[in-house]
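Scroll down for the structure; my scribbles are underneath it.
2 protein chains.
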Amino acid sequence: MSKEGEEVSNKQILFRGYVTGSPKESDMVHKNSTIRLKVPEGLKAVVVKNLYLSCDPYMRGRMTKHDDAPSYIDPFTPGSPILGFGVAKVLDSGHPNFKAGDLVWGITGWEEFSLISAPETLFKITDTDVPLSYYTGLLGMPGLTAYAGFNEVCSPKKGEYVFVSAASGAVGQLVGQFAKLMGCYVVGSAGSSQKVDLLKNKFGFDDAFNYKEEPDLNAALKRYFPQGIDVYFENVGGSMLDAVLLNMRVHGRIAVCGLISQYNLKRPQGIHNLFCLITKRIRMEGFLVTDYFHFYPQFLQSTLQYIKEGKIVYVEDTVEGLTNAPSALLGLFTGRNVGKQVVVVAHE
Amino acid sequence: MSKEGEEVSNKQILFRGYVTGSPKESDMVHKNSTIRLKVPEGLKAVVVKNLYLSCDPYMRGRMTKHDDAPSYIDPFTPGSPILGFGVAKVLDSGHPNFKAGDLVWGITGWEEFSLISAPETLFKITDTDVPLSYYTGLLGMPGLTAYAGFNEVCSPKKGEYVFVSAASGAVGQLVGQFAKLMGCYVVGSAGSSQKVDLLKNKFGFDDAFNYKEEPDLNAALKRYFPQGIDVYFENVGGSMLDAVLLNMRVHGRIAVCGLISQYNLKRPQGIHNLFCLITKRIRMEGFLVTDYFHFYPQFLQSTLQYIKEGKIVYVEDTVEGLTNAPSALLGLFTGRNVGKQVVVVAHE
Numbered sequence: 004m005s006k007e008g009e010e011v012s013n014k015q016i017l018f019r020g021y022v023t024g025s026p027k028e029s030d031m032v033h034k035n036s037t038i039r040l041k042v043p044e045g046l047k048a049v050v051v052k053n054l055y056l057s058c059d060p061y062m063r064g065r066m067t068k069h070d071d072a073p074s075y076i077d078p079f080t081p082g083s084p085i086l087g088f089g090v091a092k093v094l095d096s097g098h099p100n101f102k103a104g105d106l107v108w109g110i111t112g113w114e115e116f117s118l119i120s121a122p123e124t125l126f127k128i129t130d131t132d133v134p135l136s137y138y139t140g141l142l143g144m145p146g147l148t149a150y151a152g153f154n155e156v157c158s159p160k161k162g163e164y165v166f167v168s169a170a171s172g173a174v175g176q177l178v179g180q181f182a183k184l185m186g187c188y189v190v191g192s193a194g195s196s197q198k199v200d201l202l203k204n205k206f207g208f209d210d211a212f213n214y215k216e217e218p219d220l221n222a223a224l225k226r227y228f229p230q231g232i233d234v235y236f237e238n239v240g241g242s243m244l245d246a247v248l249l250n251m252r253v254h255g256r257i258a259v260c261g262l263i264s265q266y267n268l269k270r271p272q273g274i275h276n277l278f279c280l281i282t283k284r285i286r287m288e289g290f291l292v293t294d295y296f297h298f299y300p301q302f303l304q305s306t307l308q309y310i311k312e313g314k315i316v317y318v319e320d321t322v323e324g325l326t327n328a329p330s331a332l333l334g335l336f337t338g339r340n341v342g343k344q345v346v347v348v349a350h351e
Numbered sequence: 004m005s006k007e008g009e010e011v012s013n014k015q016i017l018f019r020g021y022v023t024g025s026p027k028e029s030d031m032v033h034k035n036s037t038i039r040l041k042v043p044e045g046l047k048a049v050v051v052k053n054l055y056l057s058c059d060p061y062m063r064g065r066m067t068k069h070d071d072a073p074s075y076i077d078p079f080t081p082g083s084p085i086l087g088f089g090v091a092k093v094l095d096s097g098h099p100n101f102k103a104g105d106l107v108w109g110i111t112g113w114e115e116f117s118l119i120s121a122p123e124t125l126f127k128i129t130d131t132d133v134p135l136s137y138y139t140g141l142l143g144m145p146g147l148t149a150y151a152g153f154n155e156v157c158s159p160k161k162g163e164y165v166f167v168s169a170a171s172g173a174v175g176q177l178v179g180q181f182a183k184l185m186g187c188y189v190v191g192s193a194g195s196s197q198k199v200d201l202l203k204n205k206f207g208f209d210d211a212f213n214y215k216e217e218p219d220l221n222a223a224l225k226r227y228f229p230q231g232i233d234v235y236f237e238n239v240g241g242s243m244l245d246a247v248l249l250n251m252r253v254h255g256r257i258a259v260c261g262l263i264s265q266y267n268l269k270r271p272q273g274i275h276n277l278f279c280l281i282t283k284r285i286r287m288e289g290f291l292v293t294d295y296f297h298f299y300p301q302f303l304q305s306t307l308q309y310i311k312e313g314k315i316v317y318v319e320d321t322v323e324g325l326t327n328a329p330s331a332l333l334g335l336f337t338g339r340n341v342g343k344q345v346v347v348v349a350h351e
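Going down the list, the sequences are from chains A and B. Here the first sequence stands for residues 4 to 351, where the numbers follow the working numbering. Here the second sequence stands for residues 4 to 351, where the numbers follow the working numbering.
Encoded structure:
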């Protein structure tokens with residue numbers, strides 16, 4: 004490699020512009036660019052080769068400019084690559100904490116190679132006897148989301164009744180398993196019989212149902228939770244939330260992780276049953292995993308142990324090739340993915 | 004008085020039957036009954052003379068049968084007297100904790116005299132150098148609601164920005180004063196210029212506005228809270244809640260005490276901005292004062308002290324005569340009352 008670094012071609016997926024309603028594949032544009040595989044002199048940056056990219060529902064929020072209530076994270080920049088969590092290999096480093104050959108996970112670009120100018124935000128990967136892609140899911144942001152959201156926000160107790168929506172997704176499948184490990188009774192909802200089967204037979208949920216086959220969600224929840232729900236891990240919002248409110252128990256807790264059913268609507272559905280918050284003294288609390296990154300070491304240690312003991316399993320839905328990333332991302336909103344949606348850019 | 008007790012006439016207000024939508028005065032029926040002023044042999048009950056009755060928004064909930072999600076308290080019994088908090092004087096007691104002449108507050112009937120069969124639920128009044136009617140408001144259920152709701156549910160800190168809706172009501176006027184005593188910046192909303200004037204000039208709110216004169220509640224809140232809201236004490240619900248959600252600060256708290264704007268609707272309005280719970284990591288928590296009755300002694304002691312020092316004031320809206328109780332109760336839902344709505348049945 005020359006002093007300036009080899010200039011190589013770099014396929015990218017650029018964000019076209021702000022979206023209202025449902026994003027389309029054409030909102031993400033393919034580009035053949037080039038990049039020098041060398042950190043420019045004086046920059047505390049790293050150049051990485053992207054291996055696995057993560058498709059996560061929160062990314063939809065970055066496609067819209069929220070003038071009325073700015074979000075916790077800036078929107079994508081039109082004309083620049085889509086940004087998201089991923090697993091990457093450091094090729095060159097101007098930062099003392101990283102060196103060529105390091106494996107990392109964190110926010111990177113949807114492209115073959117990225118220059119990451121603030122590598123302090125990256126996590127170094129030291130345990131490589133698990134699939135590396137797990138650091139986009141089970142051992143990455145979604146895993147910590149499930150861990151912190153369940154343990155810290157839900158205040159769960161052994162024997163409680165736990166309901167998880169979008170339960171076979173990147174986060175939901177783990178919430179259910181953490182809840183079982185704590186000794187809770189856990190039911191999940193998902194959008195196909197295949198996913199329901201996974202919940203019951205792979206992830207060990209006590210029960211599960213296909214919400215698309217339930218014309219009356221309130222009746223469904225009454226059937227699965229005749230005693231009511233102590234803890235609801237909310238991933239979907241909309242009519243499911245309204246039905247859950249009617250079925251919560253006194254002093255129940257709702258951890259609001261996501262509202263995926265609402266992200267592509269021009270105006271979110273109205274929630275009508277908030278009076279239940281009073282009658283049942285419910286605590287409903289939104290959270291962001293970024294507030295819990297300091298839990299990562301303890302989360303990683305205990306979860307690796309669980310994986311080794313076979314007490315936690317994980318299902319990924321993998322597509323090959325950066326060019327398939329846009330459709331993989333959009334598939335989250337129709338429930339096309341079965342398990343954590345991963346895009347393979349390169350196998351090291 | 005004879006051994007069976009004197010039989011006297013007893014004017015009553017009976018509950019006619021379950022209500023949907025807005026209750027009318029005719030849903031509450033006047034009756035001339037009789038009562039013996041003596042506890043029947045063997046009953047651990049008390050017979051009381053009702054002095055002051057309390058009109059409270061939660062009473063609307065007892066006029067409806069909630070088949071779908073039973074409430075925390077049974078509906079009224081058609082054909083029986085309306086029940087509510089009140090101040091009363093014990094005339095005869097079969098219970099060891101009470102004797103004739105005791106003053107009490109607690110749940111009693113909308114009638115001149117009541118036989119209370121579970122007097123353990125009553126609080127004995129020992130401090131009588133304040134207006135007795137205060138035990139329906141400032142020193143009764145609404146006062147403890149404000150105290151526990153603000154201090155225990157809102158987790159307030161000095162210097163925080165606090166918003167109170169229905170701020171001149173029985174609870175709101177106290178929340179604002181407790182918040183000021185803690186060193187918060189407090190703004191209240193109410194439904195008339197007279198109430199706004201009370202908030203600013205009597206209760207010491209930093210600012211106040213008439214929500215009926217604000218076509219855009221979001222814009223109004225941005226004006227009064229350019230830095231955003233840390234704590235919202237929720238009394239009204241509906242479009243105010245949606246606007247508040249847009250204006251909350253990160254890690255804000257919403258204590259849901261009541262949703263009075265919704266109680267007479269056949270279907271509550273939808274709340275559309277719950278996604279803000281996530282982006283701002285908001286905790287929204289419903290509560291009932293009944294969970295905090297064990298705080299009553301400490302609340303009473305500190306609040307009596309504040310009253311004596313002139314640090315807390317209280318405004319009541321008093322109507323004379325049991326016959327005016329139904330219209331006084333209904334007035335809560337149109338905002339007719341200015342301050343705590345009290346009905347005087349008898350001045351001792």
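The C-beta atom is built at its ideal place from N, Cα and C for all residues, glycine as well. Note that this is a predicted model, so its numbers are computed, not measured.
Output needed in chain order: residues of the region 267 to 298 of chain B with a Cβ under 9 angstroms from some Cβ in chain A.
Arg270, Pro271, Gln272, Gly273, Ile274, His275, Asn276, Leu277, Phe278, Cys279, Leu280, Ile281, Thr282, Lys283, Arg284, Ile285, Arg286, Met287, Glu288, Gly289, Phe290, Leu291 and Asp294
Which stretch, first to last residue, makes up the alpha helix (DSSP H) that contains B:Asn327?
On the second sequence, position 324 is the one that residue 327 of chain B refers to. Counting along the chain, B:Asn327 falls outside any alpha helix (DSSP H), and DSSP gives it neither H nor E.
Counting only C-beta atoms, is A:Gln230 closer than 8 angstroms to chain B at any point?
Position 227 of the first sequence, counted from the first residue, corresponds to residue 230 of chain A. No, its Cβ sits nowhere closer than 8 angstroms to a Cβ of chain B.
Under three-state DSSP, which class holds A:Gly175?
Within the first sequence, numbered from 1, the residue matching residue 175 of chain A stands at position 172. Reduced to three states, the DSSP call for A:Gly175 is helix.
Within-8 angstroms CB hit, A:Met4 to chain B:
Counting from one through the first sequence, the residue named residue 4 of chain A turns up at place 1. Caution is warranted here: a pLDDT of 48 is assigned to A:Met4, below 50, making its placement in the model unreliable, and no coordinate value can be reported.
Run through chain A and tell me which residues come within less than 8 angstroms of B:Leu262, C-beta to C-beta.
Against the second sequence, residue 262 of chain B aligns to sequence position 259. The contacting residues are Leu277, Phe278 and Ile281.
Could you tell me which uninterrupted beta strand (DSSP E) segments, each at least 3 residues in length, are contained entirely in the region 274 to 350 of chain B, listed from first to last along the chain?
286 to 289, 319 to 323 and 343 to 347
Pick from A:Met243, A:Ser171, A:Tyr164 and A:Glu114: whose alpha carbon is nearest that of A:Gln197?
Taking the first residue of the first sequence as position 1, residue 197 of chain A is located at position 194. Nearest C-alpha to A:Gln197: A:Ser171.
What span of residues does the beta strand (DSSP E) with A:Ala211 cover, start to end?
If you number the first sequence from 1, residue 211 of chain A lands on position 208. Run containing A:Ala211: Asp210 to Asn213, per the beta strand (DSSP E) assignment.
Note down, in chain order, every chain A residue with its Cβ under 8 angstroms from the Cβ of B:Gln265.
By 1-based counting over the second sequence, the position of residue 265 of chain B is 262. Under the 8 angstroms cutoff, chain A gives Phe278.
Against B:Val259, what residues of chain A qualify as contacts under a CB-to-CB distance less than 8 angstroms, listed in chain order?
The residue given as residue 259 of chain B occupies position 256 in the second sequence. Within 8 angstroms Cβ-Cβ: Leu277, Leu280 and Ile281.
Look at the alpha carbon of B:Arg63 and the alpha carbon of B:Pro145, and state the distance between them as a whole number of angstroms.
On the second sequence, residue 63 of chain B is found 60 positions in, with the first residue counted as 1. On the second sequence, residue 145 of chain B is found 142 positions in, with the first residue counted as 1. Whole-angstrom Cα-Cα distance: 16 angstroms.
Within 8 angstroms, do at least three Cβ pairs link the region 275 to 295 of chain A to the region 270 to 287 of chain B?
yes
Give me the Cα-Cα distance between B:Glu351 and B:Val11, rounded to the nearest whole angstrom.
Residue mapping note: residue 351 of chain B aligns to position 348 of the second sequence, counting from 1. Residue mapping note: residue 11 of chain B aligns to position 8 of the second sequence, counting from 1. Their Cα atoms are separated by approximately 16 angstroms.
Looking only at DSSP bridge pairs, what is B:Tyr235 linked to?
Taking the second sequence and counting its residues from 1, one reaches residue 235 of chain B at position 232. B:Phe166 and B:Ile257, per the DSSP bridge assignment.
Are A:Gly87 and A:Leu17 closer than 8 angstroms when you measure CB to CB?
For this step, residue 87 of chain A is matched to residue 84 along the first sequence. For this step, residue 17 of chain A is matched to residue 14 along the first sequence. Not closer than 8 angstroms, so no.
What does a CB cutoff of less than 8 angstroms around A:Ser29 pick up in its chain, not counting 5 residues either side in sequence?
Here residue 29 of chain A corresponds to residue number 26 of the first sequence, with the count starting at 1. Excluding residues within five positions, the ones whose Cβ falls inside 8 angstroms are Arg19.
Taking C-alpha atoms, which residue in B:Tyr227, B:Glu163, B:Thr148 and B:His254 lies nearest to B:Thr306?
Residue numbering aside, residue 306 of chain B sits at position 303 when the second sequence is read from its first letter. The candidate whose alpha carbon is nearest that of B:Thr306 is B:Thr148.
Verify the CB distance criterion: does B:Val345 have a CB-CB separation below 8 angstroms to chain A?
What you label residue 345 of chain B is simply residue 342 of the second sequence in a count that begins at 1. So, not an interface residue.
Which partner residues of A:Gly112 appear in the DSSP bridge assignment?
Locating residue 112 of chain A in the first sequence gives position 109, where the first residue counts as 1. Looking at the DSSP assignment, A:Gly112 forms a beta bridge with A:Leu86.
Counting only the same chain and skipping the five closest in sequence on each side, list residues whose C-beta sits under 8 angstroms from that of A:Leu268.
Along the first sequence, one-based indexing puts residue 268 of chain A at 265. Gly24.
On the criterion of 16 or more Cβ atoms from any shown chain inside 10 Å, does B:Glu163 qualify as buried, or is it exposed?
The residue labelled residue 163 of chain B in the question sits at position 160 within the second sequence. Per the 10 Å Cβ criterion, buried.
Best match in A:Tyr266, A:Phe181, A:Phe212 and A:Ala246 for proximity to A:Ala1 [C-alpha to C-alpha]
No information on residue 1 of chain A is available, as it lies outside the stretch 4 to 351 that chain A covers here.
Can B:Tyr21 and B:Pro84 be called in contact, C-beta distance under 8 angstroms?
On the second sequence, position 18 is the one that residue 21 of chain B refers to. On the second sequence, position 81 is the one that residue 84 of chain B refers to. Not in contact: B:Tyr21 and B:Pro84 (Cβ atoms no closer than 8 angstroms).
Classify B:Asp95 as helix, strand or coil using the three-state DSSP reduction.
Reading the second sequence from its first residue, position 92 is the one you call residue 95 of chain B. If DSSP states are grouped into helix, strand and coil, B:Asp95 belongs with the strands.
Taking A:Gly140 and A:Lys311 to be in contact with their CB atoms under 8 angstroms, please state how far apart those CB atoms are, rounded to whole angstroms.
Locating residue 140 of chain A in the first sequence gives position 137, where the first residue counts as 1. Locating residue 311 of chain A in the first sequence gives position 308, where the first residue counts as 1. About 17 angstroms separates the two Cβ atoms, so there is no contact after all.
DSSP three-state label for B:Thr129, please.
For the purposes of this step, residue 129 of chain B is taken as residue 126 along the second sequence, with counting starting at 1. Correct three-state label for B:Thr129: coil.
Between the region 314 to 323 of chain A and the region 101 to 109 of chain A, can you find at least three pairs of beta-carbon atoms closer than 8 angstroms?
no
For the 8 angstroms Cβ check, are there 3 or more pairs between the region 37 to 48 of chain A and the region 107 to 126 of chain A?
yes
Looking only at its chain, what residues have a beta carbon closer than 6 angstroms to the beta carbon of A:Phe336, apart from the 5 residues adjacent to it on each side?
Taking the first sequence and counting its residues from 1, the one referred to as residue 336 of chain A is at position 333. Excluding residues within five positions, the ones whose Cβ falls inside 6 angstroms are Asn267.
Taking DSSP as the reference, what is the three-state secondary structure of A:Lys14?
Counted from its first residue, the first sequence places residue 14 of chain A at position 11. Looking at A:Lys14 - three-state DSSP - the assignment turns out to be strand.
So what's A:Ala48 in DSSP terms, helix, strand or just coil?
Along the first sequence, one-based indexing puts residue 48 of chain A at 45. A:Ala48 falls in the coil class under three-state DSSP.
Expressed to the nearest angstrom, what Euclidean distance is found between the alpha-carbon atoms of A:Leu184 and B:Lys27?
The residue labelled residue 184 of chain A in the question sits at position 181 within the first sequence. The residue labelled residue 27 of chain B in the question sits at position 24 within the second sequence. Approximately 54 angstroms between the Cα atoms of the pair.
Would you say B:Ser242 lies against chain D (beta-carbon separation less than 8 angstroms)?
The chain inventory of the structure shown lacks chain D, comprising the protein chains A and B.
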